[in-house]
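Below: the structure, in structure tokens.
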Amino acid sequence: MTDLVGARLAEVYADGWSRIVATMIRFTGGDWDLAEECVQDAFTQAMRTWPASGVPDQPLAWVTTTARNRAIDRIRRASAERTKLREMISMDPAPPPYTTDSEIPDERLELMFTCCHPALNTESQVALILRSLAGLSTAEIARAFLLPERTMGQRLFRAKQKIQHAGIPFRVPAAHLLPERLPALLHVLYLLFNEGYGKPEKAVLCQEAIRLARLLTALMPDEPEAQGLLALMLLHDARRSARFGTAGELIVMADQDRSLWDRRQIEEGAAICERALRRGRAGPFQLQAAIAACHASASTAEETDWPQIAGLYGHLARVAPGPVVDLNRAVAVSMVDGPEAALVLVDTIAAAGRLDGYHLLHATRADLLRRAGRGAEAAESYRAALDLAPTEAERRFLQERLS
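When you line the sequence shown up against numbering that gives the first Met the number 0, it's residues 0 to 402, in that order.
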């Protein structure tokens, strides 16, 4: 496979996986495993044929039609499913209606709501989203949950079986049922965004999460938390170009070239956040977006309004208490009252033992100790963070600080 065709196929996979899987789930009558296997087979076929034939004018339509034909072949070979085949072909004789590759079909939104059905537990909802919308492998999802691959495979299988056996419909539910699913939806979208945000090679996942958030805010225009999440993702994504150096090294916000920040996207995110907050129902995503807007509005690191950020984190800790929020608040406190004041907060978090395996707890403590002039203790914490860092860029950054 030529590099050009391989790169194009990777783009189609990243952009089209969730769209095609969603279409195939509907086409196969809710058979998730068959849908995913046929889509994977279609991409494998593309790898074999595109180098010789060239990339089709509408590659998403090509892959979808190939997956559809593969599903029909599979069902035809299963004698017990012949009736189902005749029904499917008579109901939907035409190829899926992909008119352009930029089209965003509603099937993806329907897939989100199906995954977030209240009959499934939160872990199953998140795992299904990461598999079906992000296209992550079972092994990758297992690593995210710190579980053996076999265990995660069994959970995914049970979740898909529950959707089929319980007759959970593949559609956007009635309006009065949307709010009960919103928290789970927002959570999985945020996880989808984060999966791409920390890894430059998966940046397309951030764009997918933003597109889906736009669909969600259009569907639920009176939900300020949906707007808050969209604003948060836009504000974070606006800094993407400055987060990594030419060699892939991680660049912390204070050292980033702010001329590389996408000011138009920052303005959009800040405006969406402001409109959401005006509704008077400030939730965790709105508050995080307000914090991100404070960072993004500063033209230099020295101009950052740390007292306001510390205050917002205090509000966030009351609305959505948790050790990660407390850790972020400690960083803001260090910029207002100094590293020693923040170390008291961080040591309290560490003593509770809830973030022992979280590399940023140790990295934050190391940075505070370094700023406080306690070098030996800082080195010890940097080593602990280095052992837990999940990406190569973060490990390189921590190693440089330790050196």
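Built from N, CA and C at the ideal position, the CB exists for glycine as well.
Since we're looking at a predicted model, the values are computed, not measured.
Item: Could you tell me the distance, in whole angstroms, from the CA atom of N327 to the CA atom of W305?; Value: 12 Å
Item: Under the rule that 16 or more other beta-carbon atoms within 10 Å means buried, what is P320, buried or exposed?; Value: exposed
Item: What is the rounded straight-line gap between the Cα of L228 and the Cα of A174?; Value: 20 Å
Item: Kindly indicate the opening and closing residues of the alpha helix (DSSP H) around G279.; Value: Run containing G279: none; DSSP gives neither H nor E here.
Item: How many angstroms separate the CA atom of F156 from the CA atom of A297?; Value: 47 Å
Item: What does the alpha-carbon distance come out to for the pair S240 and R73?; Value: 44 Å
Item: Less than 7 Å between C-beta atoms, sequence neighbours within five positions excluded: which residues of the same chain meet that for A392?; Value: F243, G247, E248 and L249
Item: Only counting the same chain, and skipping five residues up and downstream in sequence, which positions put a Cβ closer than 6 Å to that of D236?; Value: C205
Item: Between which two residues does the alpha helix (DSSP H) harbouring D346 extend?; Value: P338 to A351
Item: Give the DSSP-derived three-state secondary structure of L135 in the structure shown.; Value: coil
Item: Tell me, please, which residues DSSP counts as bridged to F243.; Value: L249
Item: Let's test the definition: count the other Cβ atoms within 10 Å of the Cβ of D2 and tell me whether it reaches 16, buried, or not, exposed.; Value: exposed
Item: Between which two residues does the alpha helix (DSSP H) holding C115 run?; Value: Per DSSP, C115 belongs to no alpha helix (DSSP H) and is neither H nor E.
Item: Does the count of Cβ pairs from the region 306-320 and the region 328-336 closer than 8 Å reach three?; Value: yes
Item: Can you tell me where the alpha helix (DSSP H) with I167 in it begins and where it stops?; Value: Taken as a continuous stretch (DSSP letters only), I167 belongs to no alpha helix (DSSP H), as it is neither H nor E.
Item: Run the CB neighbour count on E207, radius 10 Å, all protein chains shown included, and call it buried at 16 or more, exposed below.; Value: buried
Item: Can you tell me whether DSSP reads L3 as helix, strand or coil?; Value: helix
Item: Suppose contacts are defined by Cβ-Cβ distances below 9 Å. Is L127 in contact with A77 by that definition?; Value: no
Item: When we look at the beta-carbon of L259 and count the other beta-carbons within 10 Å, is it buried (16 or more) or exposed?; Value: exposed
Item: At a cut of 8 Å, does the region 284-294 reach the region 261-273 through at least three beta carbon pairs?; Value: yes
Item: Please give the ranges of any alpha helix (DSSP H) in the region 155-228, keeping only runs that are unbroken, at least 4 residues long and fully inside the region.; Value: 177-196 and 203-218
Item: Would you identify the three-state DSSP class for Y312, choosing helix, strand or coil?; Value: helix
Item: Compute the beta-carbon to beta-carbon distance between C37 and A66, rounded to the nearest angstrom, for a pair I have assumed lies under 8 Å.; Value: 4 Å
Item: Spatial neighbours of P389 within its chain, please: CB distance less than 8 Å, with the 5 preceding and 5 following residues excluded, ordered by chain position.; Value: G197 and H358
Item: Exposed or buried, E102, counting other C-beta atoms within 10 Å across all chains shown (16 or more means buried)?; Value: Legend: pLDDT at E102 = 38, less than 50; position of this residue unreliable, value from coordinates given subsequently. Its Cβ having fewer than 16 others within 10 Å, E102 is exposed.
Item: Report the option in V4, L188 and H361 whose CA atom is closest to the CA atom of A51.; Value: V4
Item: Give the C-beta separation of E179 and P117 to the nearest angstrom, bearing in mind that I take them to be a contact with Cβ-Cβ under 8 Å.; Value: 6 Å
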